[in-house]
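Residue numbers (the working numbering): 1 to 318.
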């Protein structure tokens with residue numbers, strides 16, 4: 001479905017373009033990774049996500065990473081792709097099921113009010129319906145999905161991955177992708193999303209982004225504030241793998257203090273964000289909250305799939 005591919009690409013572009021502290025964005029590069037690498041990667045995944053209806057989750061992930069590697073030589077989007085694939089698959093299935101059961105719903109045009117809650121798209125899909133479809137997708141994941149994903153991880157070569165005793169990515173795959181993710185859930189927030197039925201995305205990321213968009217009509221600040229909220233509540237597991245859990249927890253505590261000052265919506269909070277950004281860049285990219293960026297992108301994808309063009313939030317253009 002073209003709309004799914006577009007949503008995935010747009011989510012990637014919005015995530016990397018927002019000036020989130022510690023990440024690569026339009027204002028900051030890393031020594032080995034540039035903003036342009038993420039732009040190329042966002043475009044590269046489109047082909048894989050156009051095939052969600054006929055490919056398995058594992059196939060989508062591997063295809064997306066193979067395509068990305070044609071354009072960049074570093075890991076720019078593995079976490080996002082891992083989160084996007086089951087959501088995209090679930091959306092395609094839910095829309096297809098909705099068309100069967102309610103043929104007319106897909107034909108209705110939903111007119112956005114000038115102000116108020118975010119309108120839903122013409123498909124009329126709601127968060128509980130999407131998540132129910134997602135749970136079905138997760139429970140249907142296979143050993144073959146895991147093999148494809150392990151191949152994608154080896155190809156992307158993410159930082160700080162290390163080796164583990166059970167179901168290491170360099171070993172023989174013997175469990176389903178969901179079971180493999182459950183084994184890693186204690187050390188990786190993306191794996192935790194699989195094992196926890198995307199609880200972070202649906203119970204924290206998406207509602208936070210939606211609420212800030214509705215309240216402020218400021219897309220960029222809403223994205224950054226959502227990122228800060230996620231970082232404050234979920235210690236970043238990429239930082240934890242590189243620098244240790246205590247360092248990651250300290251970053252979360254520092255972010256909580258910034259949010260108490262108002263985050264990006266107050267002068268004091270903005271100064272705190274600038275100070276945090278400087279601190280997170282003090283060790284190259286070792287303090288990069290990369291997993292939090294991926295979770296932010298996941299929230300963006302769900303919001304775009306459910307609500308459409310986020311630049312047409314009621315009141316935003318007034």
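Idealized CB from N, CA, C, for every residue including glycine.
C-beta contact flag for residue 12 and residue 42 at 8 Å: As a working note, residue 12 is residue 12 in the chain shown. As a working note, residue 42 is residue 42 in the chain shown. The answer is yes: Cβ separation under 8 Å.
Integer-rounded CB distance, given that residue 287 should sit under 8 Å from residue 15: Against the chain shown, residue 15 aligns to sequence position 15. Against the chain shown, residue 287 aligns to sequence position 287. Actually they are not in contact, since the Cβ atoms of residue 15 and residue 287 sit about 18 Å apart, beyond 8 Å.
Nearest residue (CA-CA) to residue 95, options 177, 73, 257 and 134: Working through the chain shown from its first residue, we reach residue 95 at position 95. Checked all of 177, 73, 257 and 134; the closest Cα to residue 95 is 134.
Expected contact under 8 Å - CB spacing of residue 130 and residue 194 to nearest Å: The sequence position of residue 130 within the chain shown is 130, counting from 1. The sequence position of residue 194 within the chain shown is 194, counting from 1. Not really, about 16 Å apart at Cβ, beyond 8 Å.
Distance, residue 2 Cα to residue 108 Cα: Counting from 1 along the chain shown, the entry for residue 108 is found at position 108. Counting from 1 along the chain shown, the entry for residue 2 is found at position 2. Because the pLDDT at residue 108 is just 46, under 50, the model does not fix this residue reliably, and the value given afterwards should be weighed accordingly. Here the C-alpha atom of residue 108 lies approximately 19 Å from the C-alpha atom of residue 2.
Proximity to residue 20 [Cα-Cα], best of 280, 246 and 82: The sequence position of residue 20 within the chain shown is 20, counting from 1. When only C-alpha atoms are compared, the closest one is 280.
Exposure label - residue 209; buried when at least 16 CB within 10 Å: Along the chain shown, one-based indexing puts residue 209 at 209. Residue 209 counts as buried, since at least 16 other C-beta atoms from the protein chains shown sit within 10 angstroms of its C-beta.
Identity of the residues DSSP links to residue 25 by a beta bridge: The residue you call residue 25 lines up with position 25 of the chain shown. Paired residue(s): 28.
Every unbroken alpha helix (DSSP H) inside the segment 144-224 [4 residues or more]: If one requires a minimum length of 4 residues, the alpha helix (DSSP H) runs lying completely within the segment 144-224 are 177-184, 189-195 and 206-216, in chain order.
Length of the line joining the Cα atoms of residue 24 and residue 86: Your numbering for residue 24 matches position 24 in the chain shown. Your numbering for residue 86 matches position 86 in the chain shown. Rounded to whole angstroms, residue 24 to residue 86 spans 25 Å at the Cα level.
Burial state of residue 76, where buried means 16 or more other Cβ atoms lie within 10 Å: Start at 1 with the first residue of the chain shown, and residue 76 comes out as number 76. Residue 76 should be labelled buried.
Distance, residue 123 Cα to residue 189 Cα: Stepping through the chain shown from its first residue, residue 189 is reached at position 189. Stepping through the chain shown from its first residue, residue 123 is reached at position 123. Those two C-alpha atoms are separated by around 30 Å.
Cutoff 8 Å; reference residue 226; Cβ partners in own chain excluding five residues on either side: Within the chain shown, residue 226 is the residue found at index 226, counting from 1. If we look at residue 226 and ignore the five residues flanking it on each side, its Cβ neighbours are 205, 208, 209, 212, 296 and 299.
Through-space distance from residue 241 to residue 180, alpha-carbon basis: What you label residue 180 is simply residue 180 of the chain shown in a count that begins at 1. What you label residue 241 is simply residue 241 of the chain shown in a count that begins at 1. Straight-line Cα distance between these residues: approximately 18 Å.
Coil, strand or helix - residue 16 by DSSP: Taking the chain shown and counting its residues from 1, one reaches residue 16 at position 16. Reduced to three states, the DSSP call for residue 16 is helix.
Residue 304: first and last residue of the uninterrupted alpha helix (DSSP H) it sits in: Locating residue 304 in the chain shown gives position 304, counting from the first residue. It spans 290-307 - the alpha helix (DSSP H) in which residue 304 sits, taken as one unbroken run.
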